[in-house]
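Asks:
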Amino acid sequence: MRGLVERSVAAKVALAPAAFALLGVAVLAAASHRMLLGAANRTVEDQARTLAGLMEAARRHADEQVLARIDPRSPAAIKAHGSAGIRAAVAEHVKEAAQPGITVRVAALNPANKENAATEHEARVIATLAADPGLKRLEDEVTREGVRCWMVAVPVAVTQDRCLRCHSVPKAAPAARLKAGGTGGYGWKRGQVVAASIAYVPVDPARRQAAGIFWSILRVCGLFGAGAAVLLWWRLRTVVAGPLAALSESSRALRRGEWNTRFPAGSHDEVGTLGATLQETTMWLRERVAQEEKKRALFQQFIPASVAARSLGLEADKILTGARQSVTVMIINIRNFKLLMEHLPPEETVATLNEFFTEVNRVIVAHHGLVSKYLGDTVMAFFGMPVDDRNHALDAVRAAMAIPQALQNLYVRLDERHGWELGVGIGITTGEPIVGHFGSSEHMEYTVLGDVVVEAHRLEALTKGVPEEDTILITEATYRMVMSDVHVFDLGERPAPDGTPVHAYAVQGFRSEVRSALAA
0 MRGLVERSVA AKVALAPAAF ALLGVAVLAA ASHRMLLGAA NRTVEDQART
50 LAGLMEAARR HADEQVLARI DPRSPAAIKA HGSAGIRAAV AEHVKEAAQP
100 GITVRVAALN PANKENAATE HEARVIATLA ADPGLKRLED EVTREGVRCW
150 MVAVPVAVTQ DRCLRCHSVP KAAPAARLKA GGTGGYGWKR GQVVAASIAY
200 VPVDPARRQA AGIFWSILRV CGLFGAGAAV LLWWRLRTVV AGPLAALSES
250 SRALRRGEWN TRFPAGSHDE VGTLGATLQE TTMWLRERVA QEEKKRALFQ
300 QFIPASVAAR SLGLEADKIL TGARQSVTVM IINIRNFKLL MEHLPPEETV
350 ATLNEFFTEV NRVIVAHHGL VSKYLGDTVM AFFGMPVDDR NHALDAVRAA
400 MAIPQALQNL YVRLDERHGW ELGVGIGITT GEPIVGHFGS SEHMEYTVLG
450 DVVVEAHRLE ALTKGVPEED TILITEATYR MVMSDVHVFD LGERPAPDGT
500 PVHAYAVQGF RSEVRSALAA
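If you count by numbering that gives the first Met the number 0, then the sequence shown holds residues 0 to 519, one letter each, in order.
(1) Measure the beta-carbon distance from residue 213 to residue 22 and round it to whole angstroms, keeping in mind my assumption that it falls under 8 Å.
(2) Measure the C-alpha to C-alpha separation of residue 203 and residue 189 and round it to an integer number of angstroms.
(3) Take residue 138 and list the residues in its own chain whose beta-carbon comes closer than 8 Å to its own, dropping the five residues that flank it on each side.
(4) Between the Cα of residue 323 and the Cα atoms of 451, 104, 289 and 32, which residue gives the shortest distance?
(5) Under 6 Å Cβ to Cβ from residue 443, same chain only, skipping five residues before and after it: list those, please.
(6) Please report the residue range of the beta strand (DSSP E) in which residue 520 lies.
(7) What does DSSP give as the partner residue(s) for residue 149 in the beta ladder?
(8) State the Cα-Cα distance for the pair residue 121 and residue 158, rounded to the nearest angstrom.
(9) Residues bridged to residue 188 by DSSP?
(10) On a CA-only basis, which of 284, 108, 476 and 412 is nearest residue 192? Give me that one, please.
(11) Bridge partners of residue 104, per DSSP?
(12) Tell me the rounded alpha-carbon separation between residue 296 and residue 235.
(13) Skipping 5 residues on each side, what residues in its chain have a beta carbon closer than 6 Å to that of residue 136?
(14) Just the C-alpha distance for residue 463 and residue 424, rounded to the nearest angstrom, thanks.
(15) What are the uninterrupted segments assigned as beta strand (DSSP E) that are 3 or more residues long and contained completely in the stretch 320 to 372, given in chain order?
(16) Name the DSSP beta bridge partners of residue 494, please?
(17) Identify which residue in 368, 195 and 29 has its Cα closest to the Cα of residue 56.
(18) Please return the same chain residues whose Cβ sits closer than 6 Å to the Cβ of residue 492, not counting the five positions on each side in sequence.
(19) What residues are listed by DSSP as bridge partners for residue 467?
(20) Please report how far the alpha carbon of residue 345 lies from the alpha carbon of residue 352, in whole angstroms.
(21) By how many angstroms is the C-alpha of residue 59 removed from the C-alpha of residue 88?
(22) On the criterion of 16 or more Cβ atoms from any shown chain inside 10 Å, does residue 397 qualify as buried, or is it exposed?
(23) So the beta strand (DSSP E) residue 245 belongs to, where does it begin and stop?
(24) Please report how far the alpha carbon of residue 133 lies from the alpha carbon of residue 127, in whole angstroms.
(25) Quick one, are the C-beta atoms of residue 329 and residue 426 less than 9 Å apart?
(26) In the DSSP assignment, find the unbroken alpha helix (DSSP H) run with residue 420 in it and report its ends.
(27) So what's residue 27 in DSSP terms, helix, strand or just coil?
(28) Around the Cβ of residue 1, are there at least 16 other Cβ atoms within 10 angstroms (buried) or fewer (exposed)?
(29) Give the DSSP bridge partners of residue 427, in chain order.
(30) Checking the sheet assignment: what are the DSSP bridge partners for residue 445?
(31) Please confirm whether residue 402 and residue 362 have their CB atoms less than 9 Å apart.
(32) Between which two residues does the alpha helix (DSSP H) containing residue 453 stretch?
(33) In whole angstroms, give me the CA-to-CA distance for residue 241 and residue 248.
(34) Residue 447 and residue 381 look like a contact to me (Cβ under 8 Å); what is the Cβ gap, rounded to whole Å?
(35) On the three-state DSSP scale, how would you describe residue 222?
(36) Check this for me: beta carbons of residue 335 and residue 420, under 9 Å apart or not?
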């Protein structure tokens, strides 16, 4: 159950109202039960009061009608029409109102008739009534013969002098009465409460009836409540949980790359607004992804994948617009390329040249550089762009030192087949040219613009005047950035083919290698 509540928004939304409704039903049920029970008790109490009052009225009426016809000097008349006649008259009036289980009787403290003898509890009731002349009625819930009853007692007092003719003193009573009942039931005084008219009405039947009504109402309310809860649950799943689940599924589809996914936005409520907002966001993301893919495709046309992956994290304006940036430019040229052109078939010349370009490109990319273009037998490469790299000059020198070794297989094969000794001349310079895209909308190149490119070409041209097969020349600007790591030979200023003097340094190796050789 807890897992369902944690996973279902319908359960979360419905839980609080359901709990509040259950609490309300419990409170209402308790109040209803109390009200029905109170109504049942009041019904029983009213019935008991009515019976007690009716019995007392009947007793008084019988007392007036019956005793008026009795000759108090005639024991036979008293025996035939006295208390027995009164009881008969009272029963005549009360039996119509009494129901099964209801008991009405006259109980006396000192009765002449044993049938009217008060029980211990009734004696206490009569004593209480006698002690307070102003008390007109006494009520209480009692247990009589194992049955819980509501008792109503009305005081019976001596109101006529003729009652004292038999009950004042024993000697005033007829001999037959003394012989039959002894001396009990005497010593009465006028106005004294000597008995009580008592009605006993069982309370359990009325309470059971109230409980039955309560449980019937509760069952009906429970059915309606369960129906309302099911309806609320269904409505929440239809209006809230269902659309949210659809939104979640659409989001997962987007994560899988399904950009044509549509978000449900049929309603005009908050859920529908959320769906419409997510749809707009998806359209915006789709446009951004399309732009990123276009930029990635554009980069991969002329930038190595590793460099493109790093540069794609930059702002587009920093890549697509021009900016000055510190970079190192490398120009690589194949020595004796004319031998290939003159003596090899065209297809073999192209294959050999492509093999050269492949090896050179692999080395440059491995050292965080990128090849800008291929110009016949010449390669132009950049280091430190498009992503800034403070070690771009050292990366360029390391790449230049690795290129001859990468071309050894090509050198050996051409030497064995044709006796040609090939080599490379590499010119490296560092500066801050303008970096950006140059060209038309049909064809663009990511390259640099400035004297640094011209200077690199001049250095490459100067390598032809150095007798070594593989020559690497760097400018003073590059040397300043790598002087702590690279061992060079200062060539001084030399005129380039265009007559411009260039201060060149021939790279001899890395200082760490020189120190290792000296130590050996």
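We put the CB at the ideal spot given by N, CA and C, even for glycine.
Replies: The short version:
(1) About 18 Å separates the two Cβ atoms, so there is no contact after all.
(2) Distance between the alpha carbons of residue 203 and residue 189 is about 40 Å.
(3) 44, 47, 48, 149, 150, 151 and 152
(4) Checked all of 451, 104, 289 and 32; the closest Cα to residue 323 is 451.
(5) 436
(6) The requested residue 520 does not occur in the structure, where the chain is confined to residues 0 to 519.
(7) Residue 149 pairs with 140 and 200.
(8) 21 Å
(9) Note: residue 188 sits in no beta bridge, so no partner.
(10) The candidate whose alpha carbon is nearest that of residue 192 is 108.
(11) Paired residue(s): 197.
(12) 47 Å
(13) For residue 136, where only same-chain residues beyond five positions count, the Cβ hits under 6 Å are 153.
(14) 7 Å
(15) 326 to 333
(16) 500
(17) 195
(18) Contacts found: 500 and 502.
(19) For residue 467, which the question treats as bridged, DSSP gives no partner whatsoever.
(20) Approximately 10 Å, taken between the alpha carbons.
(21) Note that residue 88 scores 48 on pLDDT, short of 50, meaning its location in the model is unreliable; the coordinates nonetheless yield the value given after this. The alpha-carbon atoms of residue 88 and residue 59 are separated by roughly 10 Å.
(22) Residue environment for residue 397: buried (at least 16 other C-beta atoms within 10 angstroms of its C-beta).
(23) Note, residue 245: premise wrong, no beta strand (DSSP E); alpha helix (DSSP H) at 241 to 254.
(24) 11 Å
(25) yes
(26) Looking at the DSSP string, residue 420 is not in any alpha helix (DSSP H), and its letter there is neither H nor E.
(27) helix
(28) Per-residue confidence for residue 1 stands at a pLDDT of 45, beneath the threshold of 50, marking its modelled position as unreliable; no derived number is given.
(29) In the DSSP output, where bridge partners are listed per residue, residue 427 has 329 and 473.
(30) 436
(31) yes
(32) 450 to 461
(33) Their backbone Cα atoms lie some 11 Å apart in a straight line.
(34) 6 Å
(35) helix
(36) yes
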